[in-house]
Amino acid sequence: MGEGLRVGLLGMGMIGVQHASALNELRDLVELRAYTGSSPDGAARGGWPDAERVSRDELYARDDVDIIVICTPSDGHAAQAMEALGAGKHVVVEKPFALNVAAAERINALAAERGLHVSAIFQRRFEPVHQAVRRLMDSGALGELRLARTHVHWWRDPEYYREAPWRGRTEAGGSALDNQGIHNVDLLRWFAGPVEAVTAQSATLAHDIEAADTFVATLSFASGALGLLSVTTATPPGFPATISLNFDRGTIELGPEEILRWDHEAPRPEVVGAHGAGGSSEPMAFGVANHVAQWRDIVEAIRTGRPSSISGADAAQTVRLTAAIALAADTGRKVRPADLS
């Protein structure tokens with residue numbers, strides 16, 4: 001592809017503007033041609049005043065759009081990904097990739113059938129500190145992982161749920177697990193590897209909503225390591241999400257864009273993170289640097305024909321894990337993610 005990748009953006013809300021802003025940092029590689037959404041100035045706020053506001057069907061039909069990024073509410077992601085692939089477009093899907101395993105597998109099957117690229121946005125994997133730790137793990141320098149845990153103890157006030165009622169509905173992807181905790185669930189899986197079984201509990205502790213605002217779970221990894229997670233939007237004032245990794249040679253604790261603790265015999269990596277990767281109490285309290293890094297990877301993948309670092313198949317495994325946690329919480333049973341279909 002000789003010219004820049006031509007992008008269409010489906011859903012110019014808060015996260016859509018984030019993507020437009022990230023794309024604006026990559027003008028030598030991409031161009032935002034068109035978008036959908038109720039905000040007439042959304043693209044301009046993201047740095048693209050000349051992008052054309054169109055209907056969803058018009059976006060799918062445009063010959064000058066190579067790839068569509070889906071930034072709509074969660075319950076529309078899978079169907080819209082299928083529509084965009086059916087229209088011959090490469091697809092990037094904001095989290096969650098899909099709300100169930102069957103939908104994720106349908107997306108990947110259609111992409112393979114059509115020879116199109118599909119990937120999911122998990123930009124937190126691209127934080128420099130996470131990249132550095134993963135490289136050390138892959139090299140063997142950190143030793144054998146024994147315990148991995150994550151805490152996402154956030155706060156969302158009642159207005160957050162009132163202004164967008166889908167955020168309080170399980171079937172719309174509004175649970176704390178699917179909407180807030182999913183990035184750290186994905187990171188835990190990325191660091192610790194495949195999960196063989198989970199047990200979980202959930203509750204709605206602080207909000208007048210149908211969906212659970214709190215989850216706790218235990219995980220058994222294929223490597224033999226064990227895991228713990230707790231995810232909630234019911235803990236004011238809200239605290240930065242953390243990941244702790246306990247190895248046979250020491251312990252590491254990570255926060256957004258920083259190393260909180262390095263009690264390990266391996267040398268501590270010197271990394272400089274981006275600013276504003278929080279979200280503990282303000283939903284949009286994060287910057288675009290990691291989105292920029294992921295978009296750079298996506299563009300290179302499409303240009304070269306390789307899978308992106310976070311392919312649809314990879315994202316489907318995170319869907320499988322969140323679905324297993326939710327089912328374990330609902331039934332009180334141990335659930336094997338591999339058994340879900």
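According to full-length UniProt numbering, the residues represented by the sequence shown are 1 to 341, in order. Ideal Cβ placement from N, Cα and C applies to all residues, glycine included.
- For the 7 Å CB-CB criterion, residue 36 and residue 56 form a contact.
- DSSP lists 148, 219 as the bridge partner or partners of residue 227.
- Spanning the alpha carbons of residue 87 and residue 110 requires a straight line of approximately 11 Å.
- Unbroken alpha helix (DSSP H) stretches of 4 residues or longer found wholly inside the segment 164-222: 182-192, given in chain order.
- For residue 24, no beta strand (DSSP E) encloses it; the enclosing alpha helix (DSSP H) starts and ends at 14-24.
- Per DSSP, the unbroken alpha helix (DSSP H) holding residue 58 starts and ends at 56-61.
- For residue 200, the CB contacts under 7 Å within the same chain, skipping 5 residues up- and downstream, are 215, 216, 217, 325, 328, 329 in chain order.
- When the beta-carbon positions are compared, residue 33 and residue 64 come within less than 7 Å of each other.
- Non-local beta-carbon contacts of residue 102 in its own chain, meaning distances under 7 Å to residues more than five positions away in sequence, involve 341 in chain order.
- For residue 322, the three-state secondary structure derived from DSSP is helix.
- Per the DSSP secondary-structure output, residue 339 pairs with nothing in a beta bridge.
- Counting other Cβ atoms within 10 Å of its Cβ, residue 304 stays below 16 and is therefore classed as exposed.
- A contact is defined here as three or more CB-CB pairs under 8 Å, and the segment 116-128 meets this definition with respect to the segment 291-301.
- Between residue 154 and the set 308, 179, 15, the nearest pair of CA atoms involves 179.
- For residue 253, the enclosing beta strand (DSSP E) stretches over residues 250-255.
- With contacts defined as CB atoms closer than 7 Å, residue 256 and residue 237 fail to qualify as a contacting pair.
- Inter-residue distance for residue 21 and residue 220 is about 39 Å (C-alpha atoms, whole angstroms).
- The bridge partners DSSP lists for residue 6 are 31.
- In its chain, beyond the 5 residues on either side, 146, 147 have a beta carbon closer than 7 Å to the beta carbon of residue 246.
- Under the three-state reduction of DSSP, residue 117 is assigned to coil, being neither helix nor strand.
- Every unbroken stretch of the beta strand (DSSP E) spanning 3 or more residues and falling wholly within the segment 78-105 is given here in chain order: 90-93.
- For residue 299, the enclosing alpha helix (DSSP H) covers residues 289-304.
- For residue 203 and residue 234, the gap between their C-alpha atoms comes out near 10 Å.
- Sorting 105, 99, 152 by C-alpha distance to the C-alpha of residue 170 places 99 at the top.
- Shown here, residue 311 sits in a strand according to DSSP, grouped into three states.
- The C-beta distance from residue 129 to residue 205 rounds to 31 Å, too long to fall under 8 Å, and the pair is not in contact.
- Using a Cβ distance threshold of 7 Å, residue 152 and residue 184 count as a contacting pair.
- In the three-state scheme derived from DSSP, where H, G and I count as helix and E and B as strand, residue 129 is classed as helix.
- In the three-state reduction of the DSSP assignment, residue 270 falls in the coil class.
- The beta-carbon distance between residue 232 and residue 176, rounded to whole angstroms, is 6 Å. This is short enough to meet the 8 Å contact definition.
- Nearest to residue 308 by C-alpha distance, out of 14, 225, 93, is 93.
- Residue environment analysis places residue 270 among the exposed positions, since fewer than 16 neighbouring C-beta atoms fall within 10 angstroms of its C-beta.
- The criterion of a C-beta distance shorter than 7 Å is not satisfied by residue 17 and residue 47.
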